[in-house]
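Quick note, the sequences are listed as chains A and B, same order. To get the numbering used here, take the position in the first sequence, counting from 1, and add 788. To get the numbering used here, take the position in the second sequence, counting from 1, and add 183. For every residue, glycine included, the Cβ atom is placed at its ideal position computed from N, Cα and C.
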Amino acid sequence: MSTDGAFQIASTDGLGPVMPPATNAIRQLRISKRQRPDRAILELDGELDLVSAPALEEAVLSVLRDGPAMVVLDLRAVSFIDSTGLKAVFSARSAVQERGRQFAVTQGSQQVEHLLQLTRLNVHLHTLVAPDEALA
Amino acid sequence: MRTAAGDRLERSDLRVALLVEAGAALSSSLDLTATMDRVARLTVPGLADLCVIDLCDDAGAISELAAASVDPELARQLEALRGRFPIDPSGEHPVARVIRSGQAELLPEMSSDLLRSFAQGSQHARFMLAHRYHSAVVAPLSARGRTLGALSTIRFAESESYEQDDLELAIELARRAALAIDNAQLFSELRSVEQRLEAILRNLAEAITVVDNHGRTVFANQAALELLGLGSPAELIDSQPGEIMARFLVLDEAGRELDLDSMPARRIFRGEQPTPLLVRNLVRATGEERWLMVRASPIADPESGRVLYAANVFEDVTGVKRAQLAEAFMAQASRVLASSMDYAETLQLIARLAAAQLADWCAVDILGESGELERVAVHHAEPQKLALAQLLDSSYRPTLDEAIGVPEVIRSGKARIYNDITGDALATYARDAEHLRMLREMDTRDVIIVPLAAPSRTLGAITLVSSSTSRRLGADDVDVAVRLGRRAGTAVESARLYTERTRIARVLQQALLPDSLPGIQGFEIAAAYRPAGELNEVGGDFYDVFKCGEQRWMLVIGDVCGKGPAAASITALARHTLRAAAMFDQRPSAMLHALHRALRQSDTETQMCTVCLVVVDPPGAVVPLTVALAGHPQPLLFGRDGKASPVGEPGTVLGVVDPIMLSEVQIDLHQGETLLLYTDGVSEAAPSDLIATLELADLCMDAPEMSVEHVLKRFESAAVESAGGRPRDDIALLGLRLANLTLG
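As structure tokens, this is what we get:
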């Protein structure tokens with residue numbers, strides 16, 4: 789895909805056939821793709837959690853089909869991440885690295901950074917200040 | 184022998200008499216033709232041998248209205264002639280000239296040449312010559328500045344020629360006749376306007392009545408008669424004031440009864456300017472309900488300005504109002520249905536709502552698992568009737584094989600309405616005399632039964648009943664009830680599944696947590712588990728307390744990423760792996776490495792788990808604790824000084840990446856100090872943020888005085904509050920306090 793595209797999911801808490809009451813607050817994650825000569829950038833906007841994590845994995849597999857040298861997850865607009873979201877980021881990292889490509893993320897919100905520090909997963913990520921920045 | 188003076192006197196008397204008689208004739212009737220016939224005849228023979236009255240219409244055409252002659256045959260002949268040869272309005276006939284000019288003409292002597300000159304054809308000329316027309320006066324019929332026609336008097340050859348005073352008499356007579364004609368025409372126009380107006384009023388879809396200030400109805404159109412349930416206008420007009428209204432129960436929007444004085448028409452007579460009033464009109468006899476928008480306007484006497492009548496316009500807004508009420512009802516019902524997962528409670532609320540808004544009472548029956556009917560909800564507006572309804576159900580609960588009623592609706596899945604249930608029908612339905620007595624006492628007129636329909640099956644039925652004193656149930660109500668049945672059915676099915684899943688999830692969760700905490704000599708210990716909102720998913724949180732070796736204890740708390748069966752299996756793996764690992768190597772970091780390896784080896788996708796592990800060495804005055812964290816929030820140590828501090832160094836979360844880096848931190852637990860381990864999904868606020876909350880600050884102050892269990896409760900509420908009341912994830916808590924040494 790040569791043009792910028794957008795994946796979008798609208799989801800509710802409590803998936804499954806039984807919808808408990810009062811859990812229908814809609815949270816969204818918007819994923820936009822930007823193509824650069826040396827990398828594919830996925831801009832994440834919204835909440836990365838149990839509900840939206842599958843969309844991220846799908847988006848990563850989709851950009852990998854174009855064969856970019858590097859995939860960058862832009863986490864600056866991620867307002868909230870949970871353990872499932874972290875897991876999705878590391879699944880993305882595995883998928884990218886297994887194909888011999890480079891993987892990086894940008895710094896995220898305070899909550900994202902707190903969780904990365906708490907789990908010490910930050911040491912396993914190439915973290916960029918901006919998605920276009922060259923890898924150190 | 185007549186003298187000239189006597190002649191004059193006689194003529195003068197004749198004239199006065201003529202005008203008096205004409206006046207009487209003209210005021211006696213509004214039948215124009217008959218009146219003008221009389222006027223024409225009055226002139227014969229005293230004033231004329233032949234008198235003709237012609238009228239011109241709006242288009243200018245002239246036609247004969249009346250003719251009189253000594254010889255009636257002559258008048259008839261002239262009428263026939265005029266019919267065939269009407270006077271040309273623009274021609275030279277004296278009648279046409281007078282109508283055009285508005286000026287009377289005296290023709291004392293008419294020569295045969297003159298007659299021929301204005302004849303309307305040769306036949307007309309022959310007629311005039313044959314009857315030897317001799318002298319004529321033609322006077323205009325003028326009223327309100329318009330010339331309506333002409334009055335012609337003609338004398339034949341044997342009679343005297345007309346003179347000036349004859350002209351004056353003719354003018355006077357014509358003037359009076361013109362007034363009468365004008366009045367008659369006005370009256371006829373008025374009649375026609377009234378008739379048109381009445382025709383419009385009669386055919387309007389809106390019901391219209393006109394009432395006087397005694398409350399008597401003086402007019403009602405067809406729609407009003409239908410609305411009031413009357414056969415004819417006479418029935419209404421003959422009725423006493425209030426007699427008709429007594430047949431109706433008139434309520435305002437809130438259901439309060441309205442008296443006549445608050446109706447717009449009454450207010451008009453009190454000099455007010457009423458705004459339109461929306462009323463709910465119930466026919467007492469039949470329960471038929473209509474919503475009416477009532478407007479009233481005054482009809483005043485144009486001269487005095489006094490209000491003589493008030494016109495009522497009743498607009499039937501039943502359809503609109505019912506639709507609006509149905510929508511409002513469904514919105515309310517939906518809110519009720521979404522408010523709880525306890526379906527018995529929910530259905531009771533629905534029954535209450537339906538009894539208040541749709542019918543007098545409402546019952547909900549559900550098909551039980553073993554195929555029997557179970558009454559899960561019933562409500563009646565009147566408490567005594569509610570008790571009776573309950574007694575009726577418990578004494579005579581329908582069995583599923585019954586041909587009509589709830590069993591039939593459940594079998595067929597179709598809605599039913601029964602209107603005007605008769606005593607005979609009740610007698611047929613009743614099982615025995617007591618049953619019949621109770622059914623009669625319920626005072627049932629209309630019944631609607633609709634299926635309680637889940638998407639795949641009929642779960643039961645909703646019954647709506649109205650009594651003989653309330654609103655009649657109709658097709659609109661069936662529509663609303665069917666929608667209610669579907670909505671409630673779906674909610675019940677969902678609640679049942681939800682309850683079932685919750686039960687399974689609870690059982691499973693319990694299996695993943697220790698049945699009870701072991702008692703540790705010298706310590707106070709407590710645990711708590713708070714599922715996040717929904718109870719139907721197995722959470723990934725776990726805790727454990729177990730002994731390894733003679734005196735050493737392990738406290739474990741952890742959180743497996745995800746929910747549901749997959750998370751549950753990892754939770755079980757984590758607990759058991761840690762217990763097994765402790766048998767070989769009791770260093771916390773070694774145990775956590777063992778779990779990490781187990782997670783990495785698991786052949787499913789990435790499994791992530793956070794753990795906080797605390798090794799508790801034998802109790803004394805001070806107990807050494809070893810804390811290791813793997814991606815888990817730091818436990819809090821509540822000191823005796825009213826402060827809480829996080830302990831331990833962050834370590835890598837387990838199962839995600841290699842290598843992991845873990846630190847062991849040793850601290851001392853003093854008497855009265857409490858160590859609190861918790862999960863909050865590792866995702867909520869940082870511990871420092873939590874501590875910043877007021878709740879927690881208070882908790883720190885109070886902690887030394889409270890039981891550990893109480894501390895956990897307070898912490899839980901602080902955590903819930905910091906998550907805005909709805910934590911995204913389960914919360915597990917484990918608290919350990921070194922008891923104060925007691926003397927003795």
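- Look at residue 905(A): its C-beta is under 8 angstroms from a C-beta on chain B.
- Given a length threshold of 4 residues, the stretch 732-765 of chain B has no whole run of the alpha helix (DSSP H) inside it.
- Secondary structure at residue 396(B): coil, using DSSP grouped into helix, strand and coil.
- With 16 or more neighbouring CB atoms inside 10 Å of its own CB, residue 821(B) falls in the buried class.
- Contact between the stretch 836-855 of chain A and the stretch 867-880 of chain A is present: 3 or more CB-CB pairs across the two stretches fall below 8 angstroms.
- A distance below 7 angstroms between beta-carbons, with the five flanking residues on each side excluded, links residue 300(B) to the following residues of its chain, in chain order: 275.
- Close to residue 879(A), with beta-carbon spacing below 8 angstroms, are these residues of chain B in chain order: 788, 789.
- In the DSSP annotation of this structure, the continuous segment of the alpha helix (DSSP H) that includes residue 296(B) starts and ends at 295-301.
- Under the DSSP assignment, residue 275(B) falls outside any alpha helix (DSSP H); it carries neither an H nor an E label.
- A contact is defined here as three or more CB-CB pairs under 8 angstroms, and the stretch 646-658 of chain B meets this definition with respect to the stretch 624-632 of chain B.
- Judged by DSSP in its simplified three-state form, residue 436(B) adopts coil rather than helix or strand.
- With respect to residue 882(B), residue 902(B) sits apart: the two C-beta atoms are not nearer than 8 angstroms.
- Note on geometry: alpha-carbon atoms of residue 917(A) and residue 696(B) lie some 43 angstroms from one another.
- Here the alpha carbon of residue 355(B) sits roughly 18 angstroms from the alpha carbon of residue 215(B).
- Residues of the same chain with a CB within less than 7 angstroms of the CB of residue 579(B), apart from the 5 flanking positions on each side, are 614, 618 in chain order.
- The beta-carbon separation of residue 850(B) and residue 810(B), rounded to 7 angstroms, stays under the 8 angstroms limit for a contact.
- For the pair residue 599(B) and residue 632(B), the CB atoms are nearer than the 8 angstroms cut-off.
- The DSSP-derived three-state label of residue 218(B) is helix.
- Residue 723(B) counts as buried, since at least 16 other C-beta atoms from the protein chains shown sit within 10 angstroms of its C-beta.
- Within a 10 Å sphere around the beta-carbon of residue 920(B) sit 16 or more other beta-carbons, which makes this residue buried.
- Linking residue 762(B) to residue 734(B) through their CA atoms gives a straight-line distance of about 16 angstroms.
- When the beta-carbon positions are compared, residue 475(B) and residue 483(B) stay at least 8 angstroms from each other.
- Residue 914(A) counts as exposed, since fewer than 16 other beta carbons sit within 10 angstroms of its beta carbon.
- Within 9 angstroms of the CB of residue 821(A), no CB atom of chain B is found; the nearest one sits about 23 angstroms away.
- Residues of chain A whose Cβ lies closer than 7 angstroms to the Cβ of residue 744(B) are, in chain order, 871, 872, 875.
- When the beta-carbon positions are compared, residue 903(A) and residue 869(A) come within less than 8 angstroms of each other.
- Interface annotation, residue 908(A): in contact with chain B, CB-CB separation under 8 angstroms.
- In this structure, the alpha-carbon of residue 247(B) lies about 7 angstroms from that of residue 265(B).
- At a cut-off of 8 angstroms between beta-carbon atoms, residue 912(A) makes contact with chain B.
- Beta bridge pairing from DSSP links residue 851(B) with 807(B).
- Closest in alpha carbon position to residue 756(B), among 728(B), 736(B), 779(B), 891(B), is 779(B).
- In terms of beta-carbon proximity, residue 817(A) stays away from the interface with chain B, with every pair separated by 8 angstroms or more.
- The C-alpha of residue 297(B) lies about 11 angstroms from the C-alpha of residue 318(B).
- Around the beta-carbon of residue 871(A), 16 or more other beta-carbon atoms lie within 10 Å, marking it buried.
- Taking 9 angstroms as the Cβ-Cβ cut-off, the stretch 833-863 of chain A approaches chain B at 837, 838, given in chain order.
- Interface with chain A (8 angstroms Cβ-Cβ cutoff): residue 833(B) is included.
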